[in-house]
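Novice:
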Amino acid sequence: MMFSAKTKAFALLLTVGLFAGCSSTGETVEDGTYGSDVAAIDQDGGSTVYGGDDQGGISSSSLTEEERMAAQQQAAQEALRDITTFYFDFDTAEIKQDARDVLVAHAQFLAANPGQTVRLEGHADERGTKEYNLALGERRANAVQRFLIVNGASRGQIETVSYGEEKPAVMGSTESAMAQNRRVELVFE
Amino acid sequence: MGFFRLLVATALLILASASANAELLIRITEGADSALPIAVVPFAENGQIPPGDKVSTIVQSDLNMSGEFRTLPPSKMLSLPSKREEVFFRDWKMLGQRYVLVGDLSRSADKVTARYELFDVNREERILGERAAAPATNMRSLAHHISDKVYEAITGVQGAFSTKLAYVTLDSFNGKPRYRLQVSDVDGKRARIRLESEEPILSPAWSPDGRQLAYVSFETGKPVIFLHELSSGKRTKIADFPGLNSAPAWSDDGRSLLMTLSKDGNAEIYRMDLQSRQVTKVTNHWAIDTEASWDHTGKGLFFTSDRSGGPQIYHMDRPGAEPRRITFGSRYNARPRPDNEGKYVYYVHQREGAFHIARTNLNTGEETVLTRTQSDESPSVSPNGRMLIYATKQGNDSVLTVISADGGAAYSLPASEGGVREPAWGPLVK
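Listed in order, the protein sequences are those of chains A and B. Take the first sequence: its position 111, counting from 1, is numbered 229 in the numbering used here, and each next residue is one higher. Take the second sequence: its position 213, counting from 1, is numbered 235 in the numbering used here, and each next residue is one higher.
1. Given this structure, state the Cα-to-Cα distance separating residue 223 of chain B from residue 291 of chain A, to the nearest angstrom.
2. On the criterion of 16 or more Cβ atoms from any shown chain inside 10 Å, does residue 342 of chain B qualify as buried, or is it exposed?
3. Cutting at 7 Å between CB atoms, please list the residues of its own chain near residue 229 of chain A, excluding the five before and the five after it.
4. Just tell me which of B/71, B/78 and B/68 has its CA closest to the CA of residue 62 of chain B.
5. Residues of the region 339-373 of chain B in Cβ contact with chain A at a cutoff of 8 Å, in chain order, please.
6. Give me the Cα-Cα distance between residue 90 of chain B and residue 270 of chain B, rounded to the nearest whole angstrom.
7. DSSP three-state label for residue 275 of chain A, please.
8. Once DSSP output is grouped into helix, strand and coil, what is the label at residue 224 of chain A?
9. Relative to the C-alpha of residue 210 of chain B, which candidate in B/174, B/252, B/67 and B/163 has its C-alpha closest?
10. Starting from residue 334 of chain B, trace the beta strand (DSSP E) in both directions and tell me its first and last residue.
11. Are residue 199 of chain A and residue 223 of chain A closer than 9 Å when you measure CB to CB?
12. Which residues of chain A have a Cβ atom closer than 8 Å to the Cβ of residue 266 of chain B, listed in chain order?
13. Grouping DSSP H, G and I as helix and E and B as strand, with all else coil, what is residue 180 of chain B?
14. DSSP puts residue 159 of chain B in a beta bridge; with which residues?
15. According to a CB-to-CB cut-off of less than 8 Å, which residues of the region 373-399 of chain B neighbour chain A?
16. Round the Cβ separation of residue 354 of chain B and residue 246 of chain A to the nearest angstrom and send it over; I've been treating them as touching at under 8 Å.
17. Tell me which residue opens and which closes the beta strand (DSSP E) that residue 195 of chain B is part of.
18. Where residue 338 of chain B and residue 344 of chain B are concerned, what is the direct C-alpha to C-alpha distance, given to the nearest angstrom?
19. Between residue 209 of chain A and chain B, is there a C-beta pair that is closer than 9 Å?
20. Identify the contact partners of residue 291 of chain A in chain B, using a Cβ-Cβ distance below 9 Å as the criterion.
21. Is it buried or exposed for residue 193 of chain A, if we count other Cβ within 10 angstroms and need 16 for buried?
22. Any beta-carbon of chain B closer than 9 Å to the one on residue 249 of chain A?
23. Indicate the three-state DSSP secondary structure (helix, strand or coil) for residue 247 of chain A in the structure shown.
24. So, is the C-beta of residue 248 of chain B closer than 9 Å to a C-beta in chain A?
25. Residues in the same chain with beta-carbon distance under 6 Å from residue 483 of chain B, minus the five sequence neighbours each way, listed in chain order, please.
26. Is residue 253 of chain A near residue 268 of chain B, with beta carbons less than 9 Å apart?
27. How should residue 179 of chain B be labelled, buried or exposed, when 16 other C-beta atoms within 10 angstroms of its C-beta is the threshold for buried?
28. Would a check of beta-carbon distances place residue 301 of chain A closer than 9 Å to chain B?
29. Starting from the C-beta of residue 307 of chain A, find all residues in its chain whose C-beta is less than 6 Å away, skip the five residues before and the five after it, and write them out in chain order.
30. Count the other CB atoms within 10 Å of the CB of residue 207 of chain A; is the residue buried (16 or more) or exposed (fewer)?
31. Report the residue ranges of all alpha helix (DSSP H) runs contained in full by the region 182-233 of chain A; include only those spanning at least 4 residues, in chain order.
32. Compare the C-beta of residue 98 of chain B against all C-beta atoms of chain A and say whether one is closer than 9 Å.
33. Answer with yes or no whether the minimum CB distance from residue 244 of chain B to chain A is below 9 Å.
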């Protein structure tokens, strides 16, 4: 199915608005797993359909206004996409609230450019065991992958790899160094 | 409380230099009050004995490293006997010695023969008297053999000084990381590089016959398991499934490997038959399951799982059985390594923000923290169950530390750039 650029931009706008609304409800994830997160995002993704329903009643003049806003939004999204590293708390793979808008922008970009691929590199800090950290890095990369897919990217565009604690971004054992090492990096090829 | 009483002999292995023939240096950092005093008298030499470290010096260093012995410096000896008739028990008693080892070395053609005798000073008895020969180029093996015999004669437990260590060193070369898989004697000497890579090498695991290593290498850009035959250097890529291929652990018969794969979505433990390369699932859970190791029966296994919310140690009586949780003492316990008697399991344990090596008594469930260092990883138990080697941090560097298996403490020593990690203690090989 083909949608016009206008329709897409509008849907995008609504999506972003809905996300902003959603994040403020601040759902707490009890068990610290990413499973609940993904479920919540699924609902949001579904609700973009309602944007399409609304479209029929919109006059052409207001669309122009929305177009202008959408263009602004587009620029904002591009700026967001400069951010390609996402951080995690110790021994979790939970995507932080402040990462979500940025990841949505990346997902929309991937959706709009089906030929584009991205590699998600998952990392852990030096604490704990190397093999467990390898699995933890993968879990983080997988969480980001799911988020991107739920928000429009397709599975075939995304490759994941975990380096565990083997490739720290910052050397050292300070809290700040370790916080910068618990991450997923998006590498566009 | 018990922790502070467990101050036994420890030896710290550090990487001496980043040069190609880098050797690990061992320094004794703490002696135990309970260590047995033994005098290893420099061996008399007949004929041309090869230069280098003296056999008796190597024996002394081995015994000290075990933490169970404290050797008398030769400078304090009142005499240097080499046979029974020259041993005056009264002198050794006065010096506070429990045991005296004397002997000599004789050269004939390409061989050196050691004749040695071990005496119990209190009972004024000979408890060991043997002859052993080795090529003149292999004095270190001869010395480790003597250490094994002395250790066994006194403790009743087979010595592990003739075994090998595998470990990974990391330094930088031309601005790039340089990982090297190395194999050395258990005292860090005679190190040989087996694999060099710009990408990480992890989790070396010895085959039961000591002829092969399995390990994880990132050389293809992702974690893949290789088998490496040490004599020929022949390598085989054994597991390269999508996702993780990691944490290899050999079965007792050397015919299968436990490994962690995530080909079906998340990290699970599988068993691979090495002949057919078929894999079968051992764990099946949405949590991370990894770091498997067979138990002493060879039928059950220990592994790490975060199914309770954080990593903990679990045991299965057989692959696929209902797992039983072993550790409860803190919120992070991982990488189990059982002894070969079913008494203890050793693992990485987080307490008050620091990572230590701890063990749990499998009969009583009692947990003991064994180390005082802060960032401990990769415990590996000696094949006789009496010693433990692990990696810890010194600043940004990683060093290896040996402790006796009932506990110990090690202090920081300055290390060279880079470091050494991922120690794996090789099997007893006849």
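We put the beta carbon where it would ideally sit given N, CA and C, even for glycine. Owing to the predicted nature of the structure, the values given are computational and were not obtained by experimental measurement.
Specialist: Let me spell this out:
1. Here residue 223 of chain B corresponds to residue number 201 of the second sequence, with the count starting at 1. Here residue 291 of chain A corresponds to residue number 173 of the first sequence, with the count starting at 1. Between the alpha carbons of residue 223 of chain B and residue 291 of chain A lies a gap of roughly 21 Å.
2. Mapped onto the second sequence, residue 342 of chain B falls at position 320. Residue 342 of chain B counts as exposed, since fewer than 16 other C-beta atoms from the protein chains shown sit within 10 angstroms of its C-beta.
3. For the purposes of this step, residue 229 of chain A is taken as residue 111 along the first sequence, with counting starting at 1. Within the same chain, residue 229 of chain A has close Cβ partners 270 and 271.
4. By one-based count along the second sequence, residue 62 of chain B stands at place 40. Among B/71, B/78 and B/68, the Cα nearest to that of residue 62 of chain B belongs to B/78.
5. Flagged, chain order: 354, 356, 357, 370 and 372.
6. Start at 1 with the first residue of the second sequence, and residue 90 of chain B comes out as number 68. Start at 1 with the first residue of the second sequence, and residue 270 of chain B comes out as number 248. CA-to-CA, the gap between residue 90 of chain B and residue 270 of chain B works out to about 32 Å.
7. Here the question's residue 275 of chain A lines up with position 157 in the first sequence. Look at residue 275 of chain A here: in three-state DSSP terms it is helix.
8. Taking the first sequence and counting its residues from 1, the one referred to as residue 224 of chain A is at position 106. Look at residue 224 of chain A here: in three-state DSSP terms it is helix.
9. Within the second sequence, residue 210 of chain B is the residue found at index 188, counting from 1. Comparing alpha carbon positions, the residue from B/174, B/252, B/67 and B/163 closest to residue 210 of chain B is B/163.
10. Residue mapping note: residue 334 of chain B aligns to position 312 of the second sequence, counting from 1. First-last of the beta strand (DSSP E) with residue 334 of chain B: 334-338.
11. Looking up residue 199 of chain A in the first sequence gives position 81. Looking up residue 223 of chain A in the first sequence gives position 105. Yes, they are a contact pair.
12. Taking the second sequence and counting its residues from 1, the one referred to as residue 266 of chain B is at position 244. The answer, in chain order, is 252, 253, 256 and 280.
13. For the purposes of this step, residue 180 of chain B is identified with residue 158 of the second sequence, where counting begins at 1. Residue state for residue 180 of chain B is assigned as coil, using DSSP reduced to three classes.
14. Here residue 159 of chain B refers to the residue found at position 137 when the second sequence is read from its first residue. Beta-bridge pairing links residue 159 of chain B to no other residue.
15. Using a CB distance below 8 Å, the part of the region 373-399 of chain B facing chain A consists of 377, 397 and 399, ordered along the chain.
16. In the second sequence, the residue the question calls residue 354 of chain B occupies position 332. In the first sequence, the residue the question calls residue 246 of chain A occupies position 128. Between residue 354 of chain B and residue 246 of chain A, the beta carbon gap of about 6 Å places them in contact (Cβ cut-off 8 Å).
17. To locate residue 195 of chain B, count along the second sequence from 1; it is residue 173. Element bounds for residue 195 of chain B: 186-195.
18. For the purposes of this step, residue 338 of chain B is taken as residue 316 along the second sequence, with counting starting at 1. For the purposes of this step, residue 344 of chain B is taken as residue 322 along the second sequence, with counting starting at 1. Here the alpha carbons of residue 344 of chain B and residue 338 of chain B stand approximately 6 Å from one another.
19. Indexing the first sequence from 1 puts residue 209 of chain A at position 91. Yes, because at least one Cβ of chain B sits closer than 9 Å to the Cβ of residue 209 of chain A.
20. Your numbering for residue 291 of chain A matches position 173 in the first sequence. Correct list: 396, 397, 415, 417 and 418.
21. Translated into positions along the first sequence, residue 193 of chain A becomes position 75. When all chains shown are included, residue 193 of chain A counts as exposed.
22. Taking the first residue of the first sequence as 1, we reach residue 249 of chain A at position 131. Residue 249 of chain A counts as touching chain B.
23. Start at 1 with the first residue of the first sequence, and residue 247 of chain A comes out as number 129. In this structure, residue 247 of chain A counts as coil in the three-state DSSP scheme.
24. Position 226 of the second sequence, counting from 1, holds the residue named residue 248 of chain B. It does not; no Cβ of chain A falls within 9 Å.
25. Because chain B here runs from 23 to 452, residue 483 of chain B falls outside it and cannot be looked at.
26. On the first sequence, residue 253 of chain A is found 135 positions in, with the first residue counted as 1. On the second sequence, residue 268 of chain B is found 246 positions in, with the first residue counted as 1. Contact flag set, yes.
27. Locating residue 179 of chain B in the second sequence gives position 157, where the first residue counts as 1. The residue in question, residue 179 of chain B, is exposed, as its Cβ has fewer than 16 Cβ neighbours within 10 Å.
28. Residue mapping note: residue 301 of chain A aligns to position 183 of the first sequence, counting from 1. Not closer than 9 Å to any Cβ of chain B, the Cβ of residue 301 of chain A fails to qualify, so no.
29. If you number the first sequence from 1, residue 307 of chain A lands on position 189. Hits under 6 Å: 235.
30. Looking up residue 207 of chain A in the first sequence gives position 89. Exposed, because fewer than 16 other Cβ atoms sit within 10 Å of the Cβ of residue 207 of chain A.
31. Within the region 182-233 of chain A, the complete alpha helix (DSSP H) segments of 4 residues or longer fall at 215-230, listed in chain order.
32. Residue mapping note: residue 98 of chain B aligns to position 76 of the second sequence, counting from 1. Put simply, the CB of residue 98 of chain B is far from chain A, with every gap to its CB atoms at 9 Å or more.
33. Against the second sequence, residue 244 of chain B aligns to sequence position 222. Residue 244 of chain B has a beta carbon lying within less than 9 Å of a beta carbon in chain A.
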